[in-house]
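Read the structure below first, then the notes.
2 protein chains.
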Amino acid sequence: MNKLIHSVTVVTMDNKNSVFDGFVIVKDDKFHEVKQGTPSEYDKNQADEIINGSGKWLLPGLINSHGHLGSAFLRGAGDDIPLMTWLKTVMWPNEQKFTEEIVKNAASLAMVEMVKSGTTTFLDMYHLYMDKMAELAISSEMRTVLCRGMIGLCPDREQDEKIAESIQLFHDYNGVNKGKVTVALSPHAPYTCPPSFMIKVVDAAKKNGMWIHTHLAETKGEVDRHIAEHGVSPVKHMDDLGLFDVPSLIAHGVHLTVEDLHILCEKNVSVAHNPMSNLKLGSGIAPIPDMINKGITISLGTDSTASNNNLDLFEEMRFAALIHKGTHEDPTVTTSEMILRMATNWGAKALQLEKLGKIKAGYQADFILVNPNSAHLLPSDKKRVLSHLVYSAKGSDVTDSFVGGVHIMKDKELLSLDEEKIIFEAKAFQI
Amino acid sequence: MNKLIHSVTVVTMDNKNSVFDGFVIVKDDKFHEVKQGTPSEYDKNQADEIINGSGKWLLPGLINSHGHLGSAFLRGAGDDIPLMTWLKTVMWPNEQKFTEEIVKNAASLAMVEMVKSGTTTFLDMYHLYMDKMAELAISSEMRTVLCRGMIGLCPDREQDEKIAESIQLFHDYNGVNKGKVTVALSPHAPYTCPPSFMIKVVDAAKKNGMWIHTHLAETKGEVDRHIAEHGVSPVKHMDDLGLFDVPSLIAHGVHLTVEDLHILCEKNVSVAHNPMSNLKLGSGIAPIPDMINKGITISLGTDSTASNNNLDLFEEMRFAALIHKGTHEDPTVTTSEMILRMATNWGAKALQLEKLGKIKAGYQADFILVNPNSAHLLPSDKKRVLSHLVYSAKGSDVTDSFVGGVHIMKDKELLSLDEEKIIFEAKAFQI
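Sequences listed follow chains X and D, in order. Those letters in the first sequence? Residues 1 to 431, by full-length UniProt numbering. Those letters in the second sequence? Residues 1 to 431, by full-length UniProt numbering.
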């Protein structure tokens, strides 16, 4: 099955980072050709489907490297209150009441929001009904990394069951739907997972060839308490326990020492930067420019709608692009190119996904079309496209989305998700 | 001319800050009634036009208290570079080439962007063709504060001409279009206006009953240089010169001492908070929570597209709502209610506009409708509406806009601005 998409401005995000008018040919799930200019008659004749891009910008689909879809119905249920009050009065009591249906409907709503704002790949760390989530992911045709979040503050047997459940998820779903679904191991955080449990997780990861995703160094309080209890920073401690001998992605990394940064760099640990959630919860601001200078791979995450409160990676890019300039009082510490890489090919690397995040022959055909004919994206020329994507574009400018060559949104209409039904169910939800 | 808008969720932003299902009746340019429930037959019979709000949220139109519309075509023309490089290589050389046509087309583009993202009132500080801008403002039907920006680094005669031009603008346009257009005096900044010029401006303000808008304490370098040259902070200096004896609005206020804050509070000076521009230019983060605690009136500004790079007040609200929580590591320092007030009735107060920024009988009928039927605004109930408006809504959710009772956007279609022509002209612009 060949698709030809012509009359587009291609934003490759390849090494040269070129932006040009041209076309792409998708063969099955991958890019077959990416070229400047107009397609030949031969190209047209080979295509099963020809799509006129009408001057839209074609760029890699955005990659959300940290989130919790199952709690999406808690958007706006508690804001502007201290973290522990929020957890104790909003998150935990509500999550205890979550049925399978609530989690599925919430995750579906989150997927609608993500597709409509240009996300094609997401990581989901959640502790409830992850096998159902896998089925939703498959039917949505989105690219998904599933992590059964594990809290280790429980008896040994329960710990082992959680790990076994994660491994089962891996065996059942890793690589399905043409590799669109993958599975990683996910101990929740050092403050909820005792060292003995972390060691078990590392062992399971090594035995099964899985990689690890965990929350790390999100708040100052958590880091201070860890040092008081264990005598070392959580990053140093996790490294001592062997966590970083397995490919790893940490979420947040807000409160880090120079030694921590050195460890992350040496052990090739990736970071999911969640600027909006970190700000909203009052956690702080991660030292992203320092990490970039060290060559640490930075990706972007939204975290959940309960702490963001949206899943629009264009907004997350905007925050990542602006806040570090402001706090460093230096507009050069981040550039639009860096930020777009966080949301595309750096994100792919952080999620251990090969050949993803660029518009390039041989790469996965995950891409979106952005309509540039709006006042807020003008004036425009090739030189300004990266700037506009990072500093001006909105999720609502995305009109089309393709994942592994499958057209999942066409002219803003969702093709793999039943938006009307999902919105109806979200409206019916009451807490 | 009576308009009845029913079946809406009204977000009054009045003292009680209530959110309820109801209707509003607009008589000429003002709200006549704002009520819960459904309109009576009598209400319907009295109306010349009945609009079914279809469950949308009706709230005060957003107020942008600081911007420079004429430079809108410089969006994305230079990013990620130091401030002085940006001014010297992007802003100043390009602005020197601006013709009347370029400035008019750029300002028109900016107005389209603002209306489409929910802004009904804006302040424009610019130095070129402000009489033409007044005509554009009138035909757009937007509520507008016009400020002929004055740089005082010039001979006395030129200074006097600039002040005379500002006063002429005031006499020609202040209060026109049913009071939708007002005019203020605008010395650019202490670093571009010597004390002797500031004294002339204060004198002109007092003589003509005008208020004053100026940039103040935007960057640390500017404040440090001011102290080195004059021995006092720019805020203290402006107060000594009598500036704050006239009603005043300062843009930015990023680098302030405790004494500065005390002066702003004592003299009832309002602040235009421009978080995105301050971050993007690396200027820093204004001490907004301290100002709020002191009772200083805070409004929101976008600054120009050259340093933002968009004019969407929903984004500005998001940044204002989140960054202070993050830098203070305290999620309680700002609330959704505070932020919405900055963009509505606090904004009105900052712009010296009476009876504006609330949905309330007797107030100006400046309001917008927001479509809540999108994944990113669900789930929703009355308790979550303020949260969703600040933490989740996008400019693109706004469907309708009314200013002084005039319907200027209907189902996303602009009624007072020729969007197609304005976009065509923006596309034709080349630098």
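Just so it is clear, CB atoms sit at the ideal spot from N, CA and C, and this is done for glycine as well.
Original post:
Do we get a CB-CB distance below 8 Å when we pair residue 151 of chain D with the residues of chain X?
Top reply: no
Original post:
Which one of X:276, X:371, X:304, X:213 has the shortest CA to CA distance from residue 325 of chain D?
Top reply: X:276
**OP:** Please state whether DSSP places residue 273 of chain D in a helix, a strand or coil.
**Re:** strand
**OP:** Have a look at X:139, X:430, X:57 and flag the residue whose alpha-carbon is nearest the alpha-carbon of residue 177 of chain X.
**Re:** X:139
Subject >> Supposed close pair residue 234 of chain X, residue 223 of chain X - CB separation, criterion 8 Å >> reply: 6 Å
Original post:
So the alpha helix (DSSP H) residue 54 of chain X belongs to, where does it begin and stop?
Top reply: Here residue 54 of chain X belongs to no alpha helix (DSSP H), and DSSP marks it neither H nor E.
Subject >> Interface positions of the stretch 280-299 of chain X facing chain D (Cβ-Cβ less than 9 Å), listed along the chain >> reply: 280, 281, 282, 283, 284, 285
**OP:** With DSSP as the reference, label residue 3 of chain D as helix, strand or coil.
**Re:** strand
Original post:
Using a beta-carbon distance below 8 Å, is residue 387 of chain D in contact with chain X?
Top reply: yes
Original post:
Alpha carbon to alpha carbon, what distance is there between residue 383 of chain D and residue 358 of chain D?
Top reply: 19 Å
Original post:
Hey, which unbroken runs of the alpha helix (DSSP H) at 4 residues or more fall wholly within the stretch 311-393 of chain D?
Top reply: 313-328, 336-342, 345-350, 385-391
Subject >> Bridge partner(s) assigned by DSSP for residue 72 of chain D >> reply: Looking at the DSSP assignment, residue 72 of chain D forms no beta bridge with any residue, so it has no partner.
Subject >> Per DSSP, the bridge partner or partners of residue 126 of chain D >> reply: D:148
**OP:** Tell me whether residue 423 of chain X is buried or exposed, calling it buried when 16 or more other Cβ atoms sit within 10 Å of its Cβ.
**Re:** buried
Original post:
When the cut-off is 8 Å and only beta carbons count, does residue 27 of chain X lie next to chain D?
Top reply: no
**OP:** Note down, in chain order, all residues in the stretch 68-94 of chain X with a beta-carbon under 8 Å from any beta-carbon belonging to chain D.
**Re:** 73, 75, 76, 77, 79, 80, 81, 82, 83, 86
**OP:** Return the residue from the list X:191, X:323, X:18 that minimises the CA-CA distance to residue 284 of chain X.
**Re:** X:323
Original post:
Going by other Cβ atoms of all chains shown within 10 Å of its Cβ, with 16 needed for buried, is residue 57 of chain D buried or exposed?
Top reply: buried
Original post:
Any Cβ of chain D within less than 8 Å of the Cβ of residue 318 of chain X?
Top reply: yes
Subject >> Contacts that residue 423 of chain X makes with chain D (C-beta to C-beta distance below 9 Å) >> reply: 373, 374, 375, 378
Original post:
Based on Cα-Cα distance, which residue from D:328, D:4, D:349 lies nearest to residue 295 of chain D?
Top reply: D:349
Original post:
Where residue 164 of chain D and residue 70 of chain D are concerned, what is the direct C-alpha to C-alpha distance, given to the nearest angstrom?
Top reply: 21 Å
**OP:** Quick one: grab the DSSP three-state call for residue 416 of chain X.
**Re:** coil
**OP:** Per DSSP, which residues does residue 409 of chain X bridge with? Please list them.
**Re:** X:401, X:414
**OP:** Would you mind reading off the limits of the beta strand (DSSP E) that contains residue 248 of chain X?
**Re:** 248-252
Subject >> Local conformation of residue 219 of chain X per DSSP, three classes >> reply: coil
Original post:
What is the DSSP secondary structure of residue 195 of chain D, counted as helix, strand or coil?
Top reply: helix
**OP:** Consult DSSP for residue 60 of chain D and reduce its assignment to one of helix, strand or coil.
**Re:** strand
**OP:** Locate the beta strand (DSSP E) running through residue 22 of chain X, then write down its first and last residues.
**Re:** 19-27
Original post:
What residues of chain X sit near residue 331 of chain D, judged by a beta carbon separation below 8 Å?
Top reply: 79, 80, 81, 82, 83, 86, 280, 281, 282
**OP:** Taking the CB atoms as reference points, tell me whether residue 216 of chain D and residue 189 of chain D lie closer together than 8 Å.
**Re:** yes
**OP:** Using three-state DSSP, classify residue 33 of chain X as helix, strand or coil.
**Re:** strand
Original post:
Contact between the stretch 379-395 of chain X and the stretch 296-309 of chain D: three or more CB pairs below 8 Å?
Top reply: yes
Original post:
Nearest to residue 7 of chain D by alpha carbon, out of D:13, D:38, D:84, D:172?
Top reply: D:38
Subject >> Residue range of the unbroken alpha helix (DSSP H) whose run includes residue 164 of chain D >> reply: 156-173
**OP:** Could you pull the start and end residues of the alpha helix (DSSP H) that residue 184 of chain X belongs to?
**Re:** Not the alpha helix (DSSP H): residue 184 of chain X falls in the beta strand (DSSP E), residues 181-187.
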